[in-house]
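Colleague:
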Amino acid sequence: MSDASLAARSAALDLLRDVLRKSIPFDDAFDAHPELRALDPRDRGFVRLLTATVLRRLGQIDALIQGSLAKPGLPKATVHDILRLGAAQLVFLGTPAHAAVDTAVELAAAKGAEPYKGLINAVLRRIGREGVELAAQQDAGRLNTPDWLWLAWRQAYGIGRTRGIVEAHLHEAPLDITVKTDPAAWAERLEARLLPTGTLRRAAGGNLTELPGFAEGAWWVQDLAASLPAKLFGDLAGKRVYDLCAAPGGKTAQLVAQGAQVTAVDRSAKRLERVRENLARLNLSAEVLATDAATWTPDQPADAVLLDAPCSATGAIRRHPDILRVKTPEDIGKLAKAQSRLLAHAVDLVKPGGTLVYCTCSIQPEEGEAQIDRILARDKRVERLPITPVDLGGGHAGDGNLAELINERGEVRSLPGMLGDLGGIDGFFVARLRRLHD
């Protein structure tokens, strides 16, 4: 095995440890890894793909490993993770058996697990012979979903919808793009599909910075679902808008591009640097303010407020499979309390007659529908302003069955598994409220 190949697999092993045993989000662990920058782009891409595949298919992989061991019980953590990396390559990435097995054995020697080389060799050779056929017989969606999430989704959405959610998680999400102007023309230039909402969709992969329009700031990456909230205010030209919990800034860019005077608020100064960088590349301008949106008191209320509240992000598992491994039921309760405080304060920031849009990239009802029930029950200054498919469209090509995304209450409730004919969508909740006169 080459030094670069060993370094790539060693980095993947480190990332698994960080995510699975330290609960560090994958992107944070990847960005902080000291050796990844020394790898060439192809090897870095392999590290990302390999680690994400293990996280996405962890239940299946562990079942295959368990079934290939001569004795019950799993080996120590490092050996277990080396087996996971090897199994992912053999079963899901199409790596030749000799390469996957040999590199795993060498990685064990490099990581101080030399006594386990025989075990690793035997288990992976068996998986190499039988793994693909066995994996085809597994209940993949169920195996890869933690029990607490499976039960929560089944209770909220029923078994059919839950099946759609977990099966969507088996596949990497496409690349979605929001353009400042002329989506049809940019769809042709970017060789992308124009979705009914105006989002452009390409297959995942490739170097974004080399695509037409990136350098001149014509577009930015933003999932179809994440692009919907900023569409719900109507004409924003010249209006004052507060974008709360704004980082990384995709919705801020949308609001500015629609002509609004935007103040982007986020408690993380570090994350706001990314907002500034994105706005600069896009040649867009907004006031950017590092402060806690739950206590921030501006000089005057806004015509519109967008609150993209911090959440569990369980709607974004297609893009971030580590969420399956790092989130817990306790996180949902803590986040719901924070969301409730933010939403209550956001009402104070909207002028009478103005619009408040609340959204989360979560598919947990506690972080969506329950928040709106609570604010409507306790604050008579707001009422629900139902969302329609027309609000989501924008007059672009195709129909796309956008009505599927709207629940009976007039809120957006997208789930992975919806819009399958278009390539799917992230899970998202969006509600629109009108501030009444006091």
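full-length UniProt numbering numbers the first residue of the sequence shown as 1 and each following residue consecutively. Ideal Cβ placement from N, Cα and C applies to all residues, glycine included. Computed from a prediction, not measured in an experiment: that's the story for all the values here.
Is E366 buried or exposed, if buried means 16 or more other CB atoms sit within 10 Å of its CB?
Modeller: Stepping through the sequence shown from its first residue, residue 366 is reached at position 366. Buried, since its Cβ has 16 or more Cβ neighbours within 10 Å.
Colleague: Shortest alpha-carbon distance to T314 belongs to which of T51, T162, L39?
Modeller: Residue numbering aside, residue 314 sits at position 314 when the sequence shown is read from its first letter. Checked all of T51, T162, L39; the closest Cα to T314 is T162.
Colleague: At what residue ranges does the stretch 287–335 contain a whole run of the alpha helix (DSSP H), taking only runs of 4 or more?
Modeller: 323–326
Colleague: Give, in chain order, every unbroken run of the beta strand (DSSP E) that is at least 3 residues long and sits entirely within the stretch 240–282.
Modeller: 240–244, 261–266
Colleague: First and last residue of the beta strand (DSSP E) that includes residue 487?
Modeller: A query on residue 487 cannot be resolved here, the shown segment of the chain reaching from 1 to 438 and no further.
Colleague: In chain order, which continuous runs of the alpha helix (DSSP H) of length 4 or greater are located wholly inside the stretch 54–86?
Modeller: 58–68
Colleague: Distance check for L342 and Q364, CA to CA, integer angstroms please.
Modeller: Translated into positions along the sequence shown, residue 364 becomes position 364. Translated into positions along the sequence shown, residue 342 becomes position 342. For Q364 and L342, the distance between alpha carbons rounds to 17 Å.
Colleague: Do A110 and S117 count as a contact pair if the criterion is CB distance below 8 Å?
Modeller: Working through the sequence shown from its first residue, we reach residue 117 at position 117. Working through the sequence shown from its first residue, we reach residue 110 at position 110. In the sequence as displayed, the identity of residue 117 is Lys instead of Ser. Their beta carbons are not under 8 Å apart, which means K117 does not touch A110 by this criterion.
Colleague: Taking 7 Å as the cut-off, is the beta-carbon of V347 closer than that to any non-hydrogen atom of the ligand MG?
Modeller: No copy of the ligand MG appears in this structure; indeed no ligand is present at all.
Colleague: For R125 and G73, what's the separation of their Cα atoms in angstroms?
Modeller: One-based indexing of the sequence shown puts residue 125 at position 125. One-based indexing of the sequence shown puts residue 73 at position 73. So the alpha carbons of these two residues sit roughly 19 Å apart.
Colleague: Looking at L392 and L236, is the spacing between their C-beta atoms short of 8 Å?
Modeller: Position 236 of the sequence shown holds residue 236. Position 392 of the sequence shown holds residue 392. Their beta carbons are not under 8 Å apart, which means L236 does not touch L392 by this criterion.
Colleague: State the Cα-Cα distance for the pair K71 and G206, rounded to the nearest angstrom.
Modeller: The residue labelled residue 71 in the question sits at position 71 within the sequence shown. The residue labelled residue 206 in the question sits at position 206 within the sequence shown. The alpha-carbon atoms of K71 and G206 are separated by roughly 43 Å.
Colleague: Expressed to the nearest angstrom, what Euclidean distance is found between the alpha-carbon atoms of L93 and E114?
Modeller: Position 93 of the sequence shown holds residue 93. Position 114 of the sequence shown holds residue 114. L93 and E114: Cα-Cα distance of roughly 25 Å.
Colleague: Use the C-beta contact count for E411: other C-beta atoms within 10 angstroms, 16 or more gives buried, fewer gives exposed.
Modeller: The sequence position of residue 411 within the sequence shown is 411, counting from 1. With 16 or more Cβ atoms within 10 Å of its Cβ, E411 is classed as buried.
Colleague: State the Cα-Cα distance for the pair L419 and L195, rounded to the nearest angstrom.
Modeller: In the sequence shown, residue 419 corresponds to position 419, counting from 1. In the sequence shown, residue 195 corresponds to position 195, counting from 1. If you take the alpha carbons of L419 and L195, they lie about 11 Å apart.
Colleague: Mapping DSSP to helix, strand and coil, what is S362?
Modeller: The residue labelled residue 362 in the question sits at position 362 within the sequence shown. In the structure shown, S362 sits in coil (DSSP, three-state: anything other than H, G, I, E or B).
Colleague: Measure the C-alpha to C-alpha separation of V101 and P212 and round it to an integer number of angstroms.
Modeller: The residue labelled residue 101 in the question sits at position 101 within the sequence shown. The residue labelled residue 212 in the question sits at position 212 within the sequence shown. Between V101 and P212, the C-alpha separation is close to 41 Å.
Colleague: Just verifying my parser: in three-state terms, what is the DSSP assignment at A110?
Modeller: By one-based count along the sequence shown, residue 110 stands at place 110. Three-state result, A110: helix.
Colleague: Name the residue from A187, L279, T209, E383 whose alpha carbon lies nearest to the alpha carbon of L200.
Modeller: Looking up residue 200 in the sequence shown gives position 200. Selected option, being the one with the closest Cα: A187.
Colleague: Exposed or buried, what is P386 when buried is set at 16 or more other beta-carbons lying within 10 Å of its beta-carbon?
Modeller: Walking along the sequence shown from the start, residue 386 turns up at place 386. The residue is exposed, with fewer than 16 neighbouring Cβ atoms inside 10 Å.
Colleague: Would you check if the distance between the CB atom of A253 and the CB atom of L279 is smaller than 8 Å?
Modeller: Within the sequence shown, residue 253 is the residue found at index 253, counting from 1. Within the sequence shown, residue 279 is the residue found at index 279, counting from 1. Result yes, Cβ atoms of A253 and L279 sit closer than 8 Å.
Colleague: Just to confirm before moving on: does the CB-CB distance between G131 and L170 stay below 8 Å?
Modeller: Walking along the sequence shown from the start, residue 131 turns up at place 131. Walking along the sequence shown from the start, residue 170 turns up at place 170. Not a contact, by the Cβ cut-off of 8 Å.
Colleague: How would you write the range of the beta strand (DSSP E) that L151 sits in, first residue to last?
Modeller: As a working mapping, residue 151 is identified with position 151 in the sequence shown. In the DSSP assignment, L151 falls outside any beta strand (DSSP E) and lies within the alpha helix (DSSP H) extending over 147–168.
Colleague: For the stretch 363–419, which segments carrying the alpha helix (DSSP H) assignment without a break, of at least 4 residues, lie completely within its bounds, in sequence order?
Modeller: Complete alpha helix (DSSP H) runs here, min 4: 369–378, 389–393.
Colleague: Leaving out five residues before and five after R319 in sequence, what residues of the same chain have Cβ atoms less than 6 Å from its Cβ?
Modeller: Within the sequence shown, the letter at position 319 stands for residue 319. Taken in chain order, the residues that qualify are A173.
Colleague: Would you tell me roughly how many angstroms separate the C-alpha atoms of D373 and W150, rounded to the nearest one?
Modeller: On the sequence shown, position 373 is the one that residue 373 refers to. On the sequence shown, position 150 is the one that residue 150 refers to. Roughly 24 Å separates the two Cα atoms.
Colleague: Pick out whichever of F233, Q60, A7 has its Cα sitting closest to the Cα of A38.
Modeller: Residue mapping note: residue 38 aligns to position 38 of the sequence shown, counting from 1. Ranked by Cα distance from A38, the first of F233, Q60, A7 is A7.
Colleague: Considering just the uninterrupted stretch of the beta strand (DSSP E) at L200, what are its terminal residues?
Modeller: One-based indexing of the sequence shown puts residue 200 at position 200. Run containing L200: 200–202, per the beta strand (DSSP E) assignment.
Colleague: Taking 8 Å as the threshold (beta carbon to beta carbon), is A302 in contact with chain C?
Modeller: Checking the listed chains, one finds no chain C in this structure; it contains a single protein chain.
Colleague: Please state whether the Cβ-Cβ distance between P248 and V275 is less than 8 Å.
Modeller: Numbered from 1 along the sequence shown, position 248 holds the residue referred to as residue 248. Numbered from 1 along the sequence shown, position 275 holds the residue referred to as residue 275. Cβ atoms of P248 and V275: closer than 8 Å.
Colleague: Taking a contact to mean a Cβ-Cβ separation below 8 Å, would you say A63 touches G86 in this structure?
Modeller: Counted from its first residue, the sequence shown places residue 63 at position 63. Counted from its first residue, the sequence shown places residue 86 at position 86. No, the pair does not count as a contact, with Cβ atoms beyond the cut-off.
Colleague: At which residues does the beta strand (DSSP E) containing F30 begin and terminate?
Modeller: Locating residue 30 in the sequence shown gives position 30, counting from the first residue. Per DSSP, F30 lies in no beta strand (DSSP E); the unbroken alpha helix (DSSP H) holding it starts and ends at 26–32.
Colleague: For R435, which residues from the same chain have a beta carbon less than 8 Å from its beta carbon, with the 5 sequence-adjacent residues on both sides left out?
Modeller: Sequence index remark: in the sequence shown, residue 435 carries index 435 (1-based). Closer than 8 Å at the Cβ level, and outside the excluded window around R435, lie V347, V350, K351, P352, G353, G354, T355, L356, R381, V382.
Colleague: In the DSSP assignment, the alpha helix (DSSP H) including R9 goes from what residue to what residue?
Modeller: On the sequence shown, residue 9 is found 9 positions in, with the first residue counted as 1. R9 -> alpha helix (DSSP H) spans 3–22.
Colleague: A260: which of G234, R267, R271 sits nearest, CA to CA?
Modeller: Here residue 260 refers to the residue found at position 260 of the sequence shown. Looking at the Cα atoms, G234 is the closest of the given residues.
Colleague: How far does the alpha helix (DSSP H) with residue 446 in it extend, from its first residue to its last?
Modeller: Here the chain has residues from 1 to 438 only, and residue 446 is not among them.
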